[in-house]
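Colleague:
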Amino acid sequence: MKLTTAGKLKKKRLSTEELGKVEPSQPSHLSPPVSQPASSLGKAKAEAEAEAELVQSSQRCRSLSKDSESLEVAPAEPPTNLAQSPQPSTTTSGPPRSDMRSRCLKLLKEKASAFSAKIPASSQSMPPPEAWPSLVTPCVLLVCNWELMERIKRLSADYAESQAQETKLRSLAESWEKEAKAVKAEKSYLSEQMTKVLIELDKSKAESEETRSKVEGVSSMLEGAMTKLEGARTELQLVAKEKASLAVKLEWYEGDELADEM
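Take the sequence shown: its letter number 67 is residue 67 in UniProt numbering, and every next letter is one higher.
#1: Can you name, in chain order, every residue of its own chain whose Cβ lies under 6 Å from the Cβ of A182, other than the five neighbours on each side?
#2: Determine the direct distance from the alpha carbon of L155 to that of E110, and round the result to whole angstroms.
#3: Using beta-carbon positions only, say whether A50 and I152 come within less than 8 Å of one another.
#4: Where S164 and K184 are concerned, what is the direct C-alpha to C-alpha distance, given to the nearest angstrom?
#5: Please classify residue 279 as buried or exposed, where buried requires at least 16 other C-beta atoms within 10 Å of its C-beta.
#6: Only counting the same chain, and skipping five residues up and downstream in sequence, which positions put a Cβ closer than 8 Å to that of Y253?
#7: Among S220, Q193, R60 and L172, whose alpha-carbon lies nearest the alpha-carbon of C144?
#8: To the nearest angstrom, how far is it from the Cα of L229 to the Cα of E242?
#9: Using 8 Å for Cβ pairs, my map puts L54 next to L141. What's the rounded Cβ distance?
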């Protein structure tokens with residue numbers, strides 16, 4: 001027994017619902033490996049913008065696929081007398097589904113080529129458009145959209161973290177610059193103080209040399225005075241000896257005079 005259009009649509013919807021219940025796992029040829037965060041902020045911005053454009057193109061393709069499904073003829077109730085009633089027409093008023101899929105695939109490949117051209121060669125993680133499947137189903141587009149959104153969230157978090165680190169590093173650099181200026185000012189002040197101390201040391205050294213020369217002169221004068229004092233002491237001793245001899249002579253002379261008077 002041949003399946004009617006309603007039966008085909010019901011079978012297709014059931015298979016789509018079963019696929020939706022299964023946890024989405026992206027094919028190996030479509031899964032862009034999660035690369036480490038971009039080494040610079042410019043690469044992260046370019047990659048995020050390109051991926052946002054790719055997400056928009058995938059959403060556009062998904063809407064086109066939904067439009068193509070809605071263009072199909074709605075299922076009619078099967079007649080009771082199959083021999084007398086005509087068979088339902090399977091033709092569609094809109095463009096064929098294969099043409100819509102080809103247009104969707106072409107648009108997605110063009111956006112992917114633009115995405116690959118924007119990001120650097122070192123950070124390209126998407127496969128070339130030639131390696132994509134020939135048929136892009138809504139389930140695959142949903143998986144791609146979900147994984148791209150997750151990756152954009154990770155890149156946004158990495159970008160915010162890098163911005164926070166940059167702000168922190170800038171504040172640290174400013175504080176270090178202030179400390180360097182303070183150290184430089186203190187160094188100049190200490191240099192001035194050192195120069196003043198050296199000048200004072202030179203002055204005190206000159207004064208000490210002058211005082212030393214004066215002390216040496218006074219010492220030489222004292223030595224001369226001591227020599228003169230020793231000479232005077234010797235003369236005094238000689239004078240004392242002469243005085244003693246004169247006293248003895250005077251006593252002897254006085255004794256002689258007394259003897260003569262008696």
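Don't be surprised by glycine CBs; every beta carbon is placed ideally from N, CA and C.
Modeller: If we stick to the structure as given:
#1: Closer than 6 Å at the Cβ level, and outside the excluded window around A182, lies no residue.
#2: Distance between E110 and L155, taken at the CA atoms: about 23 Å.
#3: Result no, Cβ atoms of A50 and I152 do not sit closer than 8 Å.
#4: With the sequence shown as reference, residue 164 is identified as Ala, and Ser is not the correct amino acid for it. Approximately 30 Å, taken between the alpha carbons.
#5: In this structure the chain extends from 1 to 262, so residue 279 is not present and cannot be described.
#6: Apart from sequence neighbours up to five positions away, no residue of its chain approaches Y253 with a beta-carbon distance below 8 Å.
#7: Its Cα nearest to that of C144, the residue R60 stands out among S220, Q193, R60 and L172.
#8: Their backbone Cα atoms lie some 20 Å apart in a straight line.
#9: Not a contact, Cβ separation roughly 11 Å.
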